[in-house]
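Numbering follows our numbering, in which position 34 of the sequence shown is assigned residue number 187; successive positions increment by one, without gaps.
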Amino acid sequence: MLNEWQEFLDYTGPVCYQAVGKRDTTWLGRFTFEALRDFSGLARILTILARGVLFHAPDGAELPGDPRSRLEKARRGLCAWCSIPEKPNSRKEWQYHTEFPELHGEFPKLVDEAGLGWFARHFHSAMGFAKKHPDLVRKNYAEAAEDLDKKFDRVWRDKVRQFQTLLFSPATEGAWVLRFDDVIADALELGPLRRTEAGLPAELAERLDRACPETVPPQVLRTLVAYYIANRPEDSDWVVLPVMNFDCYFGDTKFGRKYLAMLPDEIIQRSSSFGVSRYRVREEYLPK
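Right under this line is the structure:
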């Protein structure tokens, strides 16, 4: 979660569709099955993608010049990643397009020549793996994969159209949806992608390990504190907690469903407002 450039690579590069057992989630890439099923965590993912296009060359080097000159390129990059072919004659004239094969030359990793974007390719490949290898995935995943695979294109087309809703659209339907305009604005505010890894002073890491409940892997608490330190704003003690993205990082939904509730209140304080989860770390558990 701290190495954002690696996140960008995970969301744009090849995924190894294999597993050696039901606990092995390699075939899901940097997602959980639940994240794919519910389209959860997309706000952070799209923002990471936009920052990658706005601020970085393909090799990761920071681009010179004003990133505002690349706003349209970032929007095209998001369209490419989200691209999904349309059914013939299904789109009404006033609706946004959902397929962007013309962007393959500019973003060959994000969309193929047929207009199938990275996310759609990954979704179908993951569900295909679950259907083909029920002995290597959880039973409920194998049972749900067929239906999700069939419904995906239709549901994702609607999502991609919503993403393109303009910031000042008078349509009330666009009031609370995730939009490319919001994503790009957040990307400009956050700046280039970080490359740091989760690291804490040895003494603090030991204190956290001693305070961590035995039922919670120590890595969970250490990573949360390191993420807090890296993302704490200057004008607040609270940091947004992207729970689903942390689930994907750890490769399991245990983080959000189990471990968070077990973390001691004397270290981690949590709150929720308007559906946004946030947290803060008490000062005595931060570096001096």
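Ideal Cβ placement from N, Cα and C applies to all residues, glycine included.
These numbers were taken from a predicted model, which means no experiment stands behind them.
- A Cβ-Cβ distance of about 14 Å is found for the pair Tyr438 and Val392, leaving them out of contact under the 8 Å criterion.
- For Gln315, the enclosing alpha helix (DSSP H) stretches over residues Lys292 to Phe316.
- Within the region 255-288, the runs of alpha helix (DSSP H) that reach at least 4 residues and sit entirely inside it are, in chain order, 271-285.
- One alpha carbon belongs to Val308, the other to Arg244, and they sit about 14 Å apart.
- In the displayed model, Val173 falls within coil according to three-state DSSP, outside both helix and strand.
- CA-to-CA, the gap between Asp177 and Lys407 works out to about 14 Å.
- For Tyr402, the uninterrupted alpha helix (DSSP H) run begins and ends at Val396 to Phe403, by DSSP.
- Each of Arg229, Leu289 and Leu199 was checked against the Cα of Leu343, and the nearest Cα belongs to Leu199.
- Boundaries of the beta strand (DSSP E) harbouring Gln422: Ile421 to Ser426, taken from the DSSP string.
- Burial of Cys235 is indicated by the presence of at least 16 other C-beta atoms within 10 angstroms of its C-beta.
- Note on the region 366-396: whole alpha helix (DSSP H) runs with a minimum of 4 residues are 371-384, in chain order.
- Glu437 sits in a helix when the DSSP states are folded into three classes.
- In the structure shown, the three-state DSSP call for Ser430 is strand.
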